[in-house]
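The numbering of the sequence shown is UniProt numbering, which starts it at 1 and goes up by one.
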Amino acid sequence: MKASTDPTPPRGSTLVLVLCGVLILFDGYDLVVYGNVVPALLAEPGWGLTEVDAGRIASLTLVGMSVGALLAGLLADRFGRRRVIMMSVLVFSTSMAACALATLPLLFEVARALGGVGLGAMFPSATALIMEFARPGRQAMSYSLAFFGYLIGGIAAAGLGMLLIEQFGWRTMFWIGAVPLLLFPVLLRHLPESPAWLVSRGRREEAHRIAERSGLDTAPLVPRPAGGSTWSAVFAPGYRTATVTLWLIQFCSLLLVTGMVTWLPSMMHQIGYSLGFALGFVLILNCGAAIGAVVAARSADRIGAKKPVVALFVLGGAGLFILALQPQPLIAFALIAVAGAGTLGAQILVNAFGASLYPDAVRGSGLGWALAVGRTGAIAGPVVFGAVMATDSGAITNFYVLAGIGVLGALLAACLPLTPAAREAISRMRRETRKTAVPPVH
């Protein structure tokens with residue numbers, strides 16, 4: 001059976017996109033919520049937290065996410081992506097509730113670290129499932145649409161923080177973060193397992209039933225030859241250079257993202273903008289990321305993701321370099337939007353690109369390990385750029401450093417060789433495009 005060419009997405013694939021998109025929304029919420037509550041945590045009676053303590057908690061959360069990403073790569077390919085996603089939701093939602101209930105700083109710190117493990121494991125598993133259930137020629141766009149949840153979650157955390165923290169306290173924000181617990185029955189009933197994983201476990205009839213219901217092509221659903229670990233698969237001939245290069249790209253990309261998200265308001269404030277005006281740049285950054293990701297994803301679904309990823313990194317690097325020259329405010333707003341496309345927007349497409357490099361059977365491991373390595377950049381970013389900000393020309397220097405990282409990301413992406421799985425995916429997209437472009441003759 002071949003995938004449907006009906007332009008209406010099948011219910012199964014749409015459901016996967018929506019469910020995983022909602023979970024990714026809470027990942028974005030978590031990214032921003034901690035920064036919003038830090039001032040309240042520092043003032044919490046009896047806790048005695050300092051800024052150093054707050055920074056350590058933030059870093060431990062990122063370390064937990066790295067551990068979770070590594071575990072996801074191993075567990076999703078062994079036990080199935082659905083199970084890993086379900087367990088991840090339980091872990092990070094329960095940790096949010098534990099943060100809301102914490103009576104001691106140590107309990108809060110442990111809960112945040114465990115929540116990072118859950119979020120780190122959920123993200124690559126959800127990404128792999130989205131990519132597998134996306135219709136041919138729509139993988140990058142499907143992932144980008146799901147990743148909109150990440151941006152919306154961050155904006156929601158910022159908005160809710162302004163509305164709720166002062167009146168209801170910081171614990172309210174973590175109770176909101178525990179909402180995915182209520183979605184667990186929905187996931188249990190409606191989230192399907194990966195057909196490719198089911199085939200690898202000999203459950204071919206179930207795999208074909210899910211694939212047909214979701215409008216997927218069942219032709220590629222053949223058992224994977226036995227032998228070899230997932231580690232050896234992602235470092236097999238044709239994959240090893242791409243794997244190492246992807247790790248370096250993820251490092252650069254997440255270093256850019258955390259540097260911008262953490263320090264952009266302070267950088268703009270240091271070069272002369274009021275704090276309120278500087279905070280407005282964060283909204284522009286997210287809008288630029290959303291627009292850039294959608295435009296680049298449309299190109300990626302036609303020609304593959306490599307060239308759009310390179311273009312986004314170049315745009316981001318150029319925008320950040322010009323920002324260092326302190327242009328007029330209107331130009332600065334436009335450049336921040338460009339920088340958003342080349343940092344947050346690039347990260348969206350890098351994840352889709354990375355997932356497309358591997359066959360279904362090892363996609364969870366390939367992307368999970370890349371994200372785990374990339375998280376070291378996320379951990380280092382706030383510290384490195386914070387140290388530079390302490391100097392007299394910190395903001396200007398940071399813009400130049402960020403621009404250089406963008407250029408390095410572009411060079412790495414340009415040098416990344418396409419794997420056999422990526423070339424096959426591009427060929428499949430082109431066949432599907434030709435098929436849908438020619439109307440049937442009646």
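The beta-carbon is built from N, C-alpha and C at its ideal position, and this holds for glycine as well.
Please read these numbers as outputs of a predicted model, since none were measured by experiment.
Closest by C-alpha distance to N286, when choosing among A233, V338 and L315:
Numbered from 1 along the sequence shown, position 286 holds the residue referred to as residue 286. It is V338 whose Cα lies nearest to the Cα of N286.
Secondary structure, alpha helix (DSSP H): runs of 4+ residues fully inside the stretch 307-359
Counting whole runs of 4 or more residues, the stretch 307-359 contains the alpha helix (DSSP H) stretches 329-342 and 344-356.
Rounded C-alpha distance that separates S427 from M162:
For the purposes of this step, residue 427 is identified with residue 427 of the sequence shown, where counting begins at 1. For the purposes of this step, residue 162 is identified with residue 162 of the sequence shown, where counting begins at 1. Straight-line measurement puts the Cα of M162 at about 48 Å from the Cα of S427.
The alpha helix (DSSP H) with E212 in it runs from where to where?
To locate residue 212, count along the sequence shown from 1; it is residue 212. Taken as a continuous stretch (DSSP letters only), the alpha helix (DSSP H) holding E212 covers R204 to R213.
7 Å CB neighbourhood of V67 in its chain, flanking five on each side removed
Taking the sequence shown and counting its residues from 1, one reaches residue 67 at position 67. Closer than 7 Å at the Cβ level, and outside the excluded window around V67, lie V117 and G120.
Is Y239 near the ligand SAM, going by C-beta to nearest heavy atom under 8 Å?
Among the components of this structure there are no ligands whatsoever, and the ligand SAM is therefore not found.
Using 8 Å as the threshold, is the stretch 408-416 in touch with the stretch 307-323, meaning 3 or more CB pairs across them?
yes
For the alpha helix (DSSP H) that contains Y400, what are its first and last residues?
As a position in the sequence shown, residue 400 is number 400, starting the count at 1. Segment G394 to C415, the alpha helix (DSSP H) holding Y400.
What three-state label does DSSP hand I271 in the structure shown?
Taking the first residue of the sequence shown as position 1, residue 271 is located at position 271. I271 falls in the coil class under three-state DSSP.
C20 - DSSP class collapsed to helix/strand/coil
Counting from one through the sequence shown, the residue named residue 20 turns up at place 20. In the structure shown, C20 sits in a helix (DSSP, three-state: H, G or I).
Note down the Cα distance separating A97 from R82, rounded to an integer number of angstroms.
Residue 97 sits at position 97 when you count from the first residue of the sequence shown. Residue 82 sits at position 82 when you count from the first residue of the sequence shown. In a straight line, the C-alpha of A97 is about 23 Å away from that of R82.
Tell me which residues share the same chain as I348 and place their Cβ nearer than 6 Å to its Cβ, disregarding the 5 neighbours each side in the sequence.
Working through the sequence shown from its first residue, we reach residue 348 at position 348. Contacts found: S144, F147 and A293.
Enclosing alpha helix (DSSP H) for R135 [first to last residue]:
To locate residue 135, count along the sequence shown from 1; it is residue 135. First-last for R135: undefined, no H or E at that position.
Mind listing, in chain order, the continuous alpha helix (DSSP H) runs of no fewer than 4 residues lying wholly within the stretch 152-204?
171-177, 180-190 and 195-200
Contact check, V84 vs L75 under 8 Å by CB: the rounded distance?
For the purposes of this step, residue 84 is identified with residue 84 of the sequence shown, where counting begins at 1. For the purposes of this step, residue 75 is identified with residue 75 of the sequence shown, where counting begins at 1. Between V84 and L75 a beta carbon distance of about 5 Å is seen, short of the 8 Å cut, so the two are scored as contacting.
Can you have a look at I379 and say buried or exposed, based on whether 16 or more other CB atoms are within 10 angstroms of its CB?
Here residue 379 corresponds to residue number 379 of the sequence shown, with the count starting at 1. It counts as buried.
By alpha-carbon positions, which one of L164, R112 and Y150 ends up nearest to A40?
The residue given as residue 40 occupies position 40 in the sequence shown. Measuring from the Cα of A40, the nearest candidate turns out to be L164.
Length of the line joining the Cα atoms of V199 and H208:
Numbered from 1 along the sequence shown, position 199 holds the residue referred to as residue 199. Numbered from 1 along the sequence shown, position 208 holds the residue referred to as residue 208. Linking V199 to H208 through their CA atoms gives a straight-line distance of about 9 Å.
If you compare alpha carbons, which of I322, G381 and A300 is closest to A425?
For this step, residue 425 is matched to residue 425 along the sequence shown. Of the listed residues, the one whose Cα sits closest to A425 is A300.
Could you tell me the alpha carbon to alpha carbon distance between A111 and D392, rounded to whole angstroms?
Within the sequence shown, residue 111 is the residue found at index 111, counting from 1. Within the sequence shown, residue 392 is the residue found at index 392, counting from 1. So the two alpha carbons sit approximately 37 Å from each other.
Take A290 as the anchor and find which of R423, G153, D360 and R204 has the nearest alpha-carbon.
As a working mapping, residue 290 is identified with position 290 in the sequence shown. Checking every option, the nearest Cα to that of A290 belongs to G153.
Verify whether the separation of the beta carbon atoms of F133 and P192 is less than 9 Å.
Here the question's residue 133 lines up with position 133 in the sequence shown. Here the question's residue 192 lines up with position 192 in the sequence shown. Result yes, Cβ atoms of F133 and P192 sit closer than 9 Å.
How would you call residue 444, buried or exposed, if buried means at least 16 neighbouring beta carbons within 10 angstroms?
The chain is shown only over 1 to 442; residue 444 falls outside these bounds and no answer can be derived.
List the whole-angstrom C-beta distance separating L256 from L402, where the pair is believed to meet the contact cut-off of C-beta under 8 Å.
On the sequence shown, position 256 is the one that residue 256 refers to. On the sequence shown, position 402 is the one that residue 402 refers to. Yes, they are in contact, since the Cβ atoms of L256 and L402 sit about 6 Å apart, within 8 Å.
Residues in the same chain with beta-carbon distance under 6 Å from G304, minus the five sequence neighbours each way, listed in chain order, please.
Residue numbering aside, residue 304 sits at position 304 when the sequence shown is read from its first letter. Excluding positions up to five away in sequence, the list reads I426.
Considering just the uninterrupted stretch of the alpha helix (DSSP H) at T61, what are its terminal residues?
The residue given as residue 61 occupies position 61 in the sequence shown. Per DSSP, T61 belongs to the alpha helix (DSSP H) from E51 to F79.
What is the DSSP secondary structure of W47, counted as helix, strand or coil?
Position 47 of the sequence shown, counting from 1, holds the residue named residue 47. In the structure shown, W47 sits in coil (DSSP, three-state: anything other than H, G, I, E or B).
Just how far apart, CA to CA, sit S59 and Q250?
Working through the sequence shown from its first residue, we reach residue 59 at position 59. Working through the sequence shown from its first residue, we reach residue 250 at position 250. One C-alpha to the other measures close to 18 Å.
Terminal residues of the alpha helix (DSSP H) in which F385 lies:
Here the question's residue 385 lines up with position 385 in the sequence shown. Element bounds for F385: R363 to M389.
So, under 8 Å CB-CB, V22 and G169 are touching, yes? Tell me the CB distance rounded to an integer number of Å.
For this step, residue 22 is matched to residue 22 along the sequence shown. For this step, residue 169 is matched to residue 169 along the sequence shown. Contact flag wrong, Cβ pair sits at about 26 Å.
Measuring only the C-alpha atoms, how far is P45 from P105?
Taking the first residue of the sequence shown as 1, we reach residue 45 at position 45. Taking the first residue of the sequence shown as 1, we reach residue 105 at position 105. Rounded to the nearest angstrom, the two C-alpha atoms are 11 Å apart.
Contacts around P185, its chain only, beta-carbon distance under 7 Å, and the 5 residues preceding and following it disregarded:
Here residue 185 refers to the residue found at position 185 when the sequence shown is read from its first residue. Here the set comprises nothing.
Between the Cα of A334 and the Cα atoms of A296, I284, G381 and A297, which residue gives the shortest distance?
Counting from 1 along the sequence shown, the entry for residue 334 is found at position 334. Closest option to A334, Cα to Cα, is I284.
Straight-line gap, C20 to D30 (C-alpha atoms, nearest Å):
Translated into the one-based positions of the sequence shown, residue 20 becomes position 20. Translated into the one-based positions of the sequence shown, residue 30 becomes position 30. Taking the straight line joining both Cα atoms gives about 16 Å.
Buried/exposed call for M1, threshold 16 Cβ in 10 Å:
Position 1 of the sequence shown holds residue 1. Note that M1 scores a pLDDT of 44, beneath 50, so its modelled location is shaky; the value from the coordinates is reported in the next line. Exposed, by the Cβ-count rule.
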